[in-house]
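Below: one structure, written as structure tokens.
In our numbering, the protein residues as written are 42 to 186.
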């Protein structure tokens with residue numbers, strides 16, 4: 042997914058570095074995120090949950106693998122139980138987010154990879170593309186506020 046934002050690179054970086062801003066855009070509007078722990082540093086672990094319209098919570102985690110502030114970071118993103126232990130029955134994605142100055146704003150590229158076609162199919166069936174797109178679409182409102 043590639044998205045362009047009418048904001049400087051440093052501003053878009055802060056959306057991901059600041060847990061309070063991140064939780065405003067990580068989950069889609071129907072499943073807002075709550076970030077429990079977050080530090081955008083290599084080797085750190087971010088924990089979060091999304092709350093569905095019925096009040097059910099869906100936990101997840103990031104394992105930050107690389108950071109090149111303010112132009113990129115990489116992480117593993119997985120599903121977890123209520124205590125943030127990885128759920129071995131659901132796929133883990135390898136992600137690289139990059140940020141570059143573009144036409145007076147910032148172009149952001151989001152790349153996610155899965156270990157197999159079956160793992161990819163599983164998250165596609167769960168609505169990952171629609172969820173990610175609607176989550177990313179919240180960034181414009183955040184940076185305008």
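Think of the CB as a built atom: it goes at the ideal place given N, C-alpha and C, for glycine as much as any other residue.
Bear in mind that the values here come from a model prediction, so they are computed numbers and not experimental data.
Q) CB residue 140 to CB residue 54, shorter than 8 Å? A) Your numbering for residue 140 matches position 99 in the chain shown. Your numbering for residue 54 matches position 13 in the chain shown. Contact check for residue 140 against residue 54 passes: the beta carbons are separated by less than 8 Å.
Q. Buried or exposed: which applies to residue 101, given that a residue is buried once 16 or more other Cβ atoms fall within 10 Å of its Cβ?
A. Taking the first residue of the chain shown as 1, we reach residue 101 at position 60. The Cβ neighbour count for residue 101, taken over all protein chains shown within 10 Å, is at least 16; the residue is labelled buried.
**Q.** Start-to-end residues for the alpha helix (DSSP H) that takes in residue 177
**A.** The residue given as residue 177 occupies position 136 in the chain shown. Counting along the chain, the alpha helix (DSSP H) containing residue 177 begins and ends at 169 to 177.
Q: Indicate whether residue 69 and residue 175 have their beta-carbon atoms separated by less than 8 Å.
A: Stepping through the chain shown from its first residue, residue 69 is reached at position 28. Stepping through the chain shown from its first residue, residue 175 is reached at position 134. Taking 8 Å as the cut-off, the Cβ atoms of residue 69 and residue 175 count as close.
**Q.** residue 107: first and last residue of the uninterrupted beta strand (DSSP E) it sits in
**A.** For the purposes of this step, residue 107 is taken as residue 66 along the chain shown, with counting starting at 1. Segment 98 to 109, the beta strand (DSSP E) holding residue 107.
Q: State yes or no: is the C-beta of residue 78 within less than 8 Å of the C-beta of residue 88?
A: In the chain shown, the residue the question calls residue 78 occupies position 37. In the chain shown, the residue the question calls residue 88 occupies position 47. Judged by their CB atoms, residue 78 and residue 88 are nearer to each other than the 8 Å cut-off.
Q: May I ask you to report which of helix, strand or coil DSSP gives residue 89?
A: Counting from 1 along the chain shown, the entry for residue 89 is found at position 48. Correct three-state label for residue 89: strand.
(Q) Given this structure, state the Cα-to-Cα distance separating residue 74 from residue 92, to the nearest angstrom. (A) For this step, residue 74 is matched to residue 33 along the chain shown. For this step, residue 92 is matched to residue 51 along the chain shown. A straight line joining the alpha-carbon of residue 74 with that of residue 92 spans about 7 Å.
Q: Label residue 47 either buried or exposed according to how many other C-beta atoms from any shown protein chain fall within 10 Å of its C-beta, with 16 as the threshold for buried.
A: As a position in the chain shown, residue 47 is number 6, starting the count at 1. With a threshold of 16 other beta carbon atoms within 10 Å, residue 47 falls short and is exposed.
Q: Hey, could you find the ends of the alpha helix (DSSP H) residue 48 is sitting in?
A: Along the chain shown, read from residue 1 onward, the residue named residue 48 stands at position 7. Per DSSP, residue 48 is not a residue of any alpha helix (DSSP H), being assigned neither H nor E.
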